[in-house]
Amino acid sequence: MTFHPEKLRRRHLEAAHGYLLLDLPDQALQELDQIDDPGPEAFEVYRLRGESFLQKQQYRRALEAFEQAETLRPNNLAVGIGRGRCYKRTGQLDRAIATMQTLYRFYPDEPIVLYNLSCYLALAGDKDGALRWLGRALRMEPALRKLIPEDTDFDSLRDDPDFRFVAGIDTDQDAGTAGDLQP
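Numbering-wise, numbering that gives the first Met the number 0 puts 35 at position 36 of the sequence shown, and it's gapless, one number per residue.
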């Protein structure tokens with residue numbers, strides 16, 4: 000039997016991706032650890048490591064992996080979203096905002112970028128910026144509106160009449176605990 004390292008590497012990557020879809024980050028990391036030489040798949044290995052550590056809420060380790068992926072493919076949407084989430088959770092809100100602003104230059108038609116930028120601006124206390132970006136995101140993707148009542152990033156604006164208008168929130172609706180979006 001012939002040994003094909005490329006096929007074996009691909010199998011481990013696919014398994015890791017599948018485990019992440021099942022919210023099994025430890026198993027995903029075990030698969031990724033089986034890859035001795037990522038070769039041309041290095042970006043995907045780092046990205047999946049970042050996603051795995053993000054699911055495990057190990058934000059600094061996730062950030063390290065995402066930053067390695069970023070060096071291989073600058074301004075990748077999934078990596079940028081992951082980096083923004085990690086920056087937010089490690090107390091680097093200014094970097095989370097800057098990351099989303101940079102992503103917007105490359106992905107102006109991706110509502111997730113606008114929505115997450117709105118979330119981070121709300122957390123930073125920039126009501127006008129948060130409402131501006133939220134309104135744009137909702138015009139691009141009205142289905143995002145259903146996430147707002149549970150998104151804790153907007154808690155500081157929850158009772159603000161301008162926010163309630165932009166978000167289309169019914170006055171009887173309760174707040175919950177969702178957080179930001181992922182791709």
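Cβ atoms here follow ideal geometry from the backbone N, Cα and C, with glycine treated the same way. For clarity, every value in this text was computed on a predicted model and none was experimentally measured.
Simplified DSSP assignment, three categories, for residue i
| i | result |
| --- | --- |
| His11 | helix |
| Arg48 | helix |
| Leu122 | helix |
| Leu23 | coil |
| Glu140 | coil |
| Lys189 | There is simply no residue 189 to check, as the chain begins at 0 and stops at 182 in what is shown. |
| Asp190 | Shown here, the chain extends from 0 to 182; a query on residue 190 therefore has no answer. |
| Arg157 | coil |
| Lys55 | coil |
| Gln29 | helix |
Beta-carbon proximity check, residue i vs residue j, cutoff 8 angstroms
| i | j | result |
| --- | --- | --- |
| Ala68 | Asn74 | no |
| Leu116 | Gln100 | yes |
| Leu47 | Gly79 | no |
| Asp158 | Ala121 | no |
| Gly81 | Ala61 | yes |
| Phe52 | Ala64 | yes |
| Phe162 | Leu137 | no |
| Arg144 | Gly167 | yes |
| Tyr86 | Thr98 | yes |
First and last residue of the uninterrupted alpha helix (DSSP H) at residue i
| i | result |
| --- | --- |
| Glu40 | Premise fails: Glu40 is in no alpha helix (DSSP H) and is neither H nor E. |
| Arg163 | Pro160 to Ala166 |
Short CB-CB distance (under 8 angstroms) between residue i and chain C
| i | result |
| --- | --- |
| Arg8 | Absence of chain C from the displayed structure is noted, only one protein chain being present. |
Enumerate, from N- to C-terminal direction, the unbroken alpha helix (DSSP H) stretches of 4 or more residues contained entirely within the segment 58-118.
For the segment 58-118, whole alpha helix (DSSP H) runs of length 4 or above, ordered along the chain, are 58-71, 76-88 and 92-105.
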